[in-house]
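Residue numbers (my numbering): 4 to 348.
Okay, so here's the structure we're looking at.
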């Protein structure tokens, strides 16, 4: 059923994306500061980012009557390889994700949203910088053995090449449509909130270029948030858990799992009125039935960074560095940049 629904969306054109971008950037902005902690990150492993994993989110919903949007740029550098008697896997290169995320409370108990991504894969430019970064902080460079700044994503099984991408690509990714319903909202001194979130990912990308999976996916999760005080400053805590149901995709379809659990936690401490320091973990189960940890393993991403708010403009600027916690199915290193804003009355 997921696949049949998704097939109708393959004809999505660039004009639709451009139109929505124009709608999302009106000329008049509210003066309220944006309140939604955390970095809108996903797993950026090139073979896993094609699926409908929802971005990292909290339980906080958009303010009634206002449109909230994030414009995010993620740069993910890949350098990983693994093999056994049956399989051979390697990813080397960089991926770039430019995503416009819109959220609006259309009813008192319903928020709707859409994520519109552009996806590019290329040879990149960060290899030497990342190797120096790892050397400085005592991290391993053992899998960075090939030539710097080259592109090559491939997987072989029983001597048969099942997937290969060795030339640069750029295009529209798989669009996600989301809905959220508050189960408990913070009021007065009670700062705890609980939200039910769901999403459907549509196959608007291209499986041959790793900008989509070729199938529709569904997700459902429960999200919780709380706000406390630490050293006389606000400390925002968030956590969530859910499941992702995968349609029958076109990328290594014979190895693909049907469901993937996911969950995450985050903490944002407001060291100053306009400056927050954040750390978050995002974990997922196995996407593929492979004995190679680099493709079939669990994944855990750690993101550390900050958020700077400009309340008069209703704007927040976010920056994060993303690392794999262990050598598994997670991209080696990534940078996240985001501008978050609210508009409306």
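Cβ coordinates follow ideal geometry from the N, Cα and C atoms, glycine included.
Since the model is a prediction, treat every value here as computed from it, not as a measurement.
Below 8 angstroms on the Cβ atoms is my contact criterion, and I expect residue i with residue j to pass it. Report the Cβ-Cβ distance as a whole number of Å.
i           : j           : result
residue 356 : residue 58  : Residue 356 cannot be examined here, being either before or after the span of the chain that is shown, 4 to 348.
residue 117 : residue 180 : 5 angstroms
residue 236 : residue 272 : 6 angstroms
residue 204 : residue 219 : 6 angstroms
residue 54  : residue 249 : 6 angstroms
residue 212 : residue 174 : 6 angstroms
residue 339 : residue 44  : 6 angstroms
residue 331 : residue 302 : 5 angstroms
residue 228 : residue 238 : Incorrect: roughly 11 angstroms between the Cβ atoms, too far for contact.
Where DSSP assigns a beta bridge to residue i, which residues make up the other side?
i           : result
residue 68  : Looking at the DSSP assignment, residue 68 forms no beta bridge with any residue, so it has no partner.
residue 307 : 282, 324
residue 104 : 73, 118
residue 166 : 158
residue 240 : 229, 270
residue 97  : 80, 125
residue 247 : 222, 263
residue 190 : 193
residue 113 : 110
residue 180 : 117, 203
residue 347 : 69
Smallest Cα separation from residue i: which of the options?
i           : options            : result
residue 167 : 221, 305, 85, 50   : 50
residue 296 : 282, 329, 322, 277 : 329
residue 267 : 225, 291, 216      : 225
residue 128 : 172, 83, 78, 158   : 78
residue 176 : 123, 228, 188      : 123
residue 281 : 227, 208, 270      : 270
residue 323 : 132, 336, 331      : 336
residue 158 : 74, 194, 95        : 95
residue 188 : 63, 339, 88        : 63
residue 47  : 341, 342, 340, 333 : 333
residue 215 : 241, 163, 121      : 121
residue 178 : 206, 190, 184      : 206
residue 61  : 291, 327, 285, 326 : 285
residue 275 : 311, 304, 283      : 311
residue 72  : 327, 317, 326, 325 : 317
residue 56  : 304, 325, 265      : 265
If you draw a straight line from the alpha carbon of residue i to that of residue j, how long is it in whole angstroms?
i           : j           : result
residue 352 : residue 259 : Since the first residue shown for the chain is 4 and the last is 348, residue 352 is missing from the structure and cannot be characterised.
residue 41  : residue 93  : 31 angstroms
residue 156 : residue 86  : 14 angstroms
residue 278 : residue 161 : 53 angstroms
residue 254 : residue 244 : 26 angstroms
residue 110 : residue 345 : 17 angstroms
residue 4   : residue 247 : Confidence is the limiting factor: at residue 4 the pLDDT is only 45, short of 50, which leaves the residue's position unreliable and the question unanswerable from this model.
residue 208 : residue 101 : 14 angstroms
residue 314 : residue 308 : 19 angstroms
residue 343 : residue 75  : 8 angstroms
residue 24  : residue 112 : With a pLDDT of 47 at residue 24, under the threshold of 50, the predicted position of this residue should be treated as unreliable, though the coordinate-derived value follows. One C-alpha to the other measures close to 26 angstroms.
residue 67  : residue 132 : 44 angstroms
residue 288 : residue 261 : 11 angstroms
residue 341 : residue 321 : 5 angstroms
residue 88  : residue 233 : 52 angstroms
residue 291 : residue 300 : 8 angstroms
residue 190 : residue 184 : 16 angstroms
residue 306 : residue 327 : 9 angstroms
residue 304 : residue 84  : 18 angstroms
residue 90  : residue 283 : 33 angstroms
residue 325 : residue 193 : 32 angstroms
residue 217 : residue 52  : 12 angstroms
Using a threshold of 8 angstroms, state whether the C-beta atoms of residue i and residue j are closer than that.
i           : j           : result
residue 196 : residue 222 : no
residue 69  : residue 347 : yes
residue 198 : residue 186 : yes
residue 252 : residue 210 : yes
residue 125 : residue 164 : no
residue 114 : residue 82  : no
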